[in-house]
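Notes for the one structure printed next.
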Amino acid sequence: MAMAAENLKRLEAKRSLYASRITEAYRSGTSARTDLLERSQFKARFEGLERAFEKFGEIHNNIIMLLKEDEEFEGQDIVRREIDTFYYKTKALYNDMFQASVSVENAPPPVVRNESNVKLPKISIAVFDGNLKNWPTFYDLFKKLIHENTSLANIEKFQYLLSFVDKAPLNLLKGVPLTEDNYSIAFDSLVKRYQNKRLLATNALNEMSSITLKNPSAKEFRALLDTFSESVSSLKVLGFAVEHWDFLLFNNLLQKLDVATRTDFEVEYGAKEMPTFQNLSDFLENKCKALESVQHLPLKVMRKSNNYSSSSFVNTLSTNTCLMCKGDHYIPQCPSFLAKPTADRFSFVKNNRLCVNCLRPSHQVKTCTSRYRCRTCQRRHHSLLHVTKTATDSSVEAVDSSFSELPAATPSGVSTSSATTTLTSTLGHETVVLLATAIVDIFDAKGNTHAIRVLLDSASQANFITEKWANRLCLTKRSFTTAIFGLNQMHSISAKGVAACAIQPHKATGPTFSFDAIVISKLCQDLPTFNINAQNWKHLDNLELADGNFHADKSIDLLIGAEVFAHVLKEGRIIGKQGEPTALNTVFGWVLLGKIHSSRETTKRVETYCTHINEATLPETLQKFWEVEEISSKLPYSSEDAQCELIYRESVSRTREGRFMVTLPFKNSEPDLGNTFPLAHRRFLLLETRLLKNLDLYNAYSSFMRDYLKNGYMSVVDLTKSSSSLCYYLPHHGVLKSENTTTKLRVVCDASAKGPKGLSLNDTLLTGPKLQKDISALLLTFRYHPIVFTADIKQMYLQILVTSQHRDYQRILWRFSPNDPISVYRLNTVSFGISSSPYLAIRTLNELAERETETYPLASKIIKNHIYIDDILAGSTSLADALELQKQLIALLKCGGFELRKWASNNQTLLSEIPEDYRQPSVSFDKEEPSFIKVLGLHWNPDKDSFSYKCQLNDKPCTKRNILSDIARIFDPLGFLSPITLLAKNLMQRLWESKTNWDEVPANSIVKVWRQLKQEMQLVSNLNIPR
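Per this note's numbering, numbering of the sequence shown is gapless, rising by one per residue and ending at 1030.
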């Protein structure tokens, strides 16, 4: 019950996110009717409207399926009706404001024209953004309606061409001046780039290979089938003999399907030796039609059907007449029933022979199939019949006593956990439980089959195979680490990988089941663990058993979990006498399971196979210091990370100048954080007092703020015109970096300051997935190229705009003189101190690289793979390639409004075209020593092309705290100093084992080692390691 409520709450939160998107689009549309500047924003929001509405509908349907009472349906349906209204109003606003189509009136007249009174719709040309899939349609339409239209001048055709292309195609044409004569050049350039048979064919094949089936729904199956059909048709049009590729197409499409669908297909076409691509296409088409038909059944009927037999389903449709008032609703929704006291409700239920648990007729509570219970006491009666017993209420006592025979615990076989189904058995000395085993054929890497003994386990969320058999079959193992949980919180870690397996019935040709299995050392001990006397089990006579030696204790090397278990069952069950097993019919033969009598006394042990897979993290038993030493593996996105990525993709846009504009990724809708002005005002006055005590710092702070105002990074808020309550005032402070060669002072906002409602701006924001590259990997790559250079993106955060709707969440207070009144400003860009800013900045760089990859392929690769925050580390094997890479990087980043500075290189030719102000100044601790620059924390001398170290340890007393502080100063990402750091970390372990207090001097043996190590560490400064 608690799990269901939690799922409902989470779904409602996700639904509110998409509801907010739709209502925001509507508000933007209403503003756009009078504000021309708002129209581009509205047009951008409208592009994501359909997806938002579609996702809203999916999540709303899932919420309806979780509702417990009919009265809850009306409240949820009100939400659905409101969003429907906003959605259709938004579409109407868009249609009234924009007309993005080309009229057929401009097309040349046909040779023969038949008069007709039918008014045909206008023909629209979709904008071509470089997606090769859309090129043939765009080319044919544009050529017919525009290019061959003799009534249009070339300059008009050129203008039409520019308006119907975007992204890479638009970049291709940007360099061609808009003139009458240049139209042919521009059109021919576009055709030459995209009317490429090889590219179009490759794209069609990539479409088929890249599409995946996310879930077995009608929509997903339809998308898969359409993609294959369109790609095959495209290849046919291009002249390829696809009729000879039938088996390749069939096999490729079959591999895209989930296990259940592949199994259904094998069952239907198992008798056919070589099914065709058309057979599989027809099968999927019929499956789509069936799923679509089910989806269009009335929603309330679908969610109220607890029995899957057809007769029960019909009864559910016909018994919704209220027995009390004869209205068209169920008893729990009846106003008359709800108005009665609990005792009267119970009497009415008993007199009309209704089930006290679900309030339905035709059965009693003992046979009720409803999984719901009373919300208050968790007993088997309806929540409307729950009473609280008191000493003075005899009627209540009488009512409640009617439930005394009902068990308060969950009945056997019903799991209250959404994670796994737990199967337990209580064994005595003379009875044991037989588990279902079978002999099946498993395929090795070469396609040969081998007989293997498997255990069928419906309570396992995963499949398992022993390491011995995975090696014997030469199966390819993919890297995979996971935690495996069992009963009573028992768990273990599996890091041996996962292997793709395929099995079929023993000595048969199908059906075939494909699945992934986790590789582990041993599944269980040999089964069964007791003697079995099956001579008197007459009900098994003439049955073809899946495991003929079920009574012999042999090894289990494959466990099949719930993923496959449900698909191997067939009709047929034979129940034996007391002490005899039950036989279930499967595609492998009859399997035996259940409680049986043993021929000897058994030990009191329970063999339970129930597993729950948790792929979250490794056990949190090691300290973070040691985790730094581990090579990290990229984890899949969490639900919040995926939500943040979705928000970014749907909301990102670009200005006419090419700069990117993003939204703040709120967890839900735009939050009301209360009045945060007093907090920010108090913090500002404290800041100002501190700055006035240091005039140099005050002047630097003021200069920084003037630069912000001058460059448009912030703007003044006119409080007489802005009355929005959805705002947040950011306290701010300065961060000094004396070693920085450009910006010594940086103003950082405190978005973690909590307002009167107990929430800060950072509390309401999604931080997004970690996109920073691994420093060690970047430095290793930096060592690979003979010619290298480094550069820094100037004020990267400040070049990315925040949408105007969210800028009021970035208000700050400032004044340039203590005599002036305090002014309110809003920050217009991504800002330091806001938790989502690192993600937004790096994600925007990746988006720029993705959009410009065709124009600047070399630079795009560097941006995606060789940049840490705003530091670029790149190189090449030749000077010519390095110069071309440098040129592309400058041009690519300029497209997004970014600028590179702090250039450094081991080849002076690369720096010859870079202005002196944009080069990285060198740093030296001593004028007599060679200068260096910092590269991701390492000292690099470009002239000598070598790395060096500077060890500056403190002279504080030798305590545990100070020793650890000095050791932590050693930054060695590439392991050059491993002989030293290994000894230092060994010293750390000895400190830890000694249990010395933080500010206590450790044992003399440790102090002696530390002092010697400290002296030797000074020699590190003499090291010079070739890059």
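Don't be surprised by glycine CBs; every beta carbon is placed ideally from N, CA and C.
All values derive from a computational prediction rather than experimental measurement.
Pairing K17 with I62 gives a Cβ-Cβ distance under 7 Å.
DSSP places C504 in no alpha helix (DSSP H) but in the uninterrupted beta strand (DSSP E) bounded by V501 to P508. Taking a C-beta distance under 7 Å as the contact criterion, A274 and L241 do not qualify as a contact pair. In the three-state reduction of the DSSP assignment, G878 falls in the strand class, which pools E and B. Less than 7 Å separates the beta-carbon of V1023 from that of Y952. Scanning its chain for C-beta atoms nearer than 7 Å, with the 5 sequence neighbours on each side dropped, one finds around Y97 the residues G32 and F49, in chain order. Below 8 Å, too few C-beta pairs join the stretch 540-551 and the stretch 446-454 to call them touching: fewer than three. Apart from sequence neighbours up to five positions away, the residues of its chain that approach Y732 with a beta-carbon distance below 6 Å are T679, F680, A683 and R814, ordered along the chain.
About 18 Å separates the beta carbons of L202 and L176, which is beyond the 8 Å limit, so they are not a contact pair. Within the model, the alpha-carbon separation for W1001 versus N965 is close to 9 Å. Listed in chain order, the non-local C-beta contacts of L939 below 8 Å within the same chain comprise I778, L781, L782, Y871, D874, L876 and P976, local neighbours out to five positions each way being set aside. As the crow flies, the alpha-carbon of H332 is around 39 Å from that of Q464.
C-alpha of S482 to C-alpha of S641: approximately 19 Å in a straight line. Of the residues L287, C730, A645 and K259, the one whose Cα lies closest to the Cα of S517 is K259. Taking one beta carbon from each stretch, the stretch 782-795 and the stretch 699-712 have fewer than 3 pairs nearer than 8 Å; the two do not touch.
For S951, the enclosing beta strand (DSSP E) covers residues S949 to S951. Rounded to the nearest angstrom, the Cβ distance from V1012 to L994 is 10 Å, too far for a contact under 8 Å.
Per DSSP, the unbroken alpha helix (DSSP H) holding A207 starts and ends at K200 to S213. Taking the Cβ atoms as the reference, L148 lies roughly 13 Å from F190, outside the contact range of under 8 Å.
Per DSSP, K713 is one residue of the alpha helix (DSSP H) stretching across L698 to K713. Taking the Cα positions, L251 is about 14 Å away from N282. With at least 16 other beta carbons inside 10 angstroms of its own, N831 counts as buried. Remark: C-beta atoms of L913 and A885 approach each other more closely than 7 Å. Check the Cα spacing between P584 and each of T379, T666, L438 and T370: the tightest is with L438. K573 and F141 have their C-alpha atoms roughly 51 Å apart. With 16 or more other CB atoms across the displayed protein chains lying within 10 angstroms of its CB, F231 is buried. The residue from A47, V827, Q79 and C380 with its alpha-carbon nearest to that of A22 is Q79.
In the same chain as S763, and ignoring 5 residues on each side of it, the C-beta atoms closer than 7 Å to its own belong to A754, S755, A756 and K757, in chain order.
Taking a contact to require three or more Cβ pairs closer than 8 Å, the stretch 850-866 and the stretch 765-776 do not qualify as touching. With a threshold of 16 other beta carbon atoms within 10 Å, Y787 falls short and is exposed.
Per DSSP, L176 is one residue of the alpha helix (DSSP H) stretching across K170 to K177. Between C380 and S386, the C-beta gap is not smaller than 7 Å, which leaves the two residues out of contact.
For S1008, the uninterrupted alpha helix (DSSP H) run begins and ends at N1007 to M1020, by DSSP. Taken through DSSP and simplified to helix, strand or coil, W138 comes out as helix. By the Cβ test, the stretch 512-528 is not in contact with the stretch 287-297, since fewer than three Cβ pairs between them sit closer than 8 Å. For a cut-off of 8 Å, the C-beta gap from L458 to I559 is around 5 Å, short enough to register as a contact.
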